[in-house]
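Visitor: Numbering (numbering that gives the first Met the number 0), first residue to last: 0 to 314. Built from N, CA and C at the ideal position, the CB exists for glycine as well. Bear in mind that the values here come from a model prediction, so they are computed numbers and not experimental data. What follows is a single structure, and I will ask about it in a moment.
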Amino acid sequence: MIEVQGLTKFYDERPAIQDVTFSVPKGQVLGFLGPNGAGKSTTMRILAGFLGMSAGKASIDGFDVFSHSLEVRKRIGYLPETTPLYNEMRVAGFLDLMCRLRGVPPSKRRARVEHAIEVCGLADRSSEIIGRLSKGLRQRVGVAQAIVHDPKALILDEPTAGLDPAQTRETRTLIKEIGRQHTVILSSHILSEVAATCERVLIINQGRIVADDTPQRLTEGFGRDRGLEIEMLVRGEADLVDIEAKLREVAGVDGVVVTSEGEQLWRAVISGRGAGLREELTRAAVEAGLGVREVQARKLTLEDVFLSLTSDDET
């Protein structure tokens, strides 16, 4: 569905992206991650036909984004980080305008508008003025304009930016629903949302792809450096800073963070490696007067992987 080969873009002599290559099959929701300035938005704007490339190729549904840009724009829905809305218009009227601008035949416009309104949960807001809606509802209108012409693929740049947790969950559910019928590329800074929404993740750093896999395999692949987590039961008087210092003295420990999870339960996150590390940490905790409830390998998150792969980025 989406094919990208050797995509490169220079601004003057500075590379924004270099040799970016990936493909997205029909019906897949792809998370596209990277630090600010890493090349995410540049790549997405090229795919959407709003920015030229310096080298490489990109196609959507078999059409080259440069030589067949009009055909490509018919086949994609694009939601930039700043949602393009006409705040003085009513929701249904705005979506009808988007249909006309994108060449939807008059006989199909009403059905397309009604479908987009239904999918995006705007049925009771269709006659309201966009500028009077909450940010979460305006974002839904933004998604609706991206799908109103029934595109083959969707490109969503930070679709949950500025939303509260409830609005973010609603938008995540909406994207997963849309992903059943469309190919989706999703960029977001909320990595937990990407892990919950996307089947596959690309990470770009300094203009180059540095990871491409499922969220599960990415986190499992970094297991060798994940360290340990210890749940400790507090017995009588105990000082958190003192306990942290004692655990830090164990050979093979690189770092320790101890947090309180209640009056009698502390959790220590240990980074380090070495034979017998688990046993030595358990012994140190017991000698410090704590009961050890559980010791387990630390579960990495997508954020851990992201930070590991992009920590050399200066932006």
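Tell me Val-193's beta-bridge partners as DSSP assigns them.
Guide: DSSP lists no partner for Val-193.
Visitor: Is there contact here, the stretch 296-305 with the stretch 255-267, by at least three beta-carbon pairs under 8 angstroms?
Guide: With the cut-off at 8 angstroms, the stretch 296-305 and the stretch 255-267 do not touch.
Visitor: Using DSSP with H/G/I as helix, E/B as strand and the rest coil, what is Glu-313?
Guide: Because Glu-313 carries a pLDDT of 43, less than 50, the predicted location of this residue cannot be relied on, and the following value inherits that uncertainty. Residue state, collapsed to three classes: coil.
Visitor: Starting from the C-beta of Glu-313, find all residues in its chain whose C-beta is less than 7 angstroms away, skip the five residues before and the five after it, and write them out in chain order.
Guide: Because Glu-313 carries a pLDDT of 43, less than 50, the predicted location of this residue cannot be relied on, and the following value inherits that uncertainty. Cβ within range, chain order: n/a, list empty.
Visitor: Rounded to a whole number of angstroms, what is the C-alpha to C-alpha distance between Met-43 and Asp-156?
Guide: Using only the alpha carbons, I get a separation of about 8 angstroms.
Visitor: DSSP three-state label for Gly-130, please.
Guide: DSSP places Gly-130 in helix when its eight states are reduced to three.
Visitor: Compute the Euclidean distance between the alpha carbons of Gly-261 and Ile-45, then round it to the nearest angstrom.
Guide: Whole-angstrom Cα-Cα distance: 50 angstroms.
Visitor: Candidates Leu-201, Ile-128, Asp-238, Arg-111: which alpha carbon is nearest Val-3's?
Guide: Ranking the options by Cα distance to Val-3, first place goes to Leu-201.
Visitor: Where are the beta strand (DSSP E) runs, 3 residues long or more, that stay fully inside the stretch 118-178, in chain order?
Guide: The qualifying runs are 152-156.
Visitor: So, for Pro-79: in the same chain, excluding its five sequence neighbours on each side, which residues have a beta-carbon less than 7 angstroms away from its beta-carbon?
Guide: Excluding positions up to five away in sequence, the list reads Asp-156.
Visitor: Going by the beta-carbon positions, is the gap between Gly-38 and Ala-15 smaller than 8 angstroms?
Guide: The answer is yes: Cβ separation under 8 angstroms.
Visitor: Can you tell me which of Ile-129, Ala-54, Ala-195, Gly-178 puts its alpha carbon nearest to the alpha carbon of Gly-26?
Guide: Here the closest residue by C-alpha is Gly-178.
Visitor: Can you tell me where the alpha helix (DSSP H) with Arg-315 in it begins and where it stops?
Guide: Outside the shown range of the chain, which is 0 to 314, sits residue 315, and nothing can be said about it.
Visitor: Mind checking whether Leu-50 and Thr-41 have CB atoms under 8 angstroms apart?
Guide: Contact flag set, yes.
Visitor: Classify Pro-296 as helix, strand or coil using the three-state DSSP reduction.
Guide: Residue 296 is actually Ala in this sequence, not Pro. Note: Ala-296 maps to strand in three-state DSSP.
Visitor: Could you pull the start and end residues of the beta strand (DSSP E) that Val-90 belongs to?
Guide: Where Val-90 is concerned, there is no enclosing beta strand (DSSP E), although the alpha helix (DSSP H) it sits in stretches over 90-100.
Visitor: Return the first residue and the last residue of the beta strand (DSSP E) that Glu-228 is part of.
Guide: Element bounds for Glu-228: 227-233.
Visitor: Can you name, in chain order, every residue of its own chain whose Cβ lies under 8 angstroms from the Cβ of Phe-93, other than the five neighbours on each side?
Guide: Within the same chain, Phe-93 has close Cβ partners Leu-84, Tyr-85, Ile-129, Val-140, Gln-144.
Visitor: Closest by CA to His-114, which one among Val-90, Thr-159, Arg-131?
Guide: Among Val-90, Thr-159, Arg-131, the Cα nearest to that of His-114 belongs to Val-90.
Visitor: What are the complete beta strand (DSSP E) segments, minimum 3 residues, inside the stretch 11-54?
Guide: Listed in chain order, the complete beta strand (DSSP E) runs (minimum 3 residues) inside the stretch 11-54 are 13-23, 28-32.
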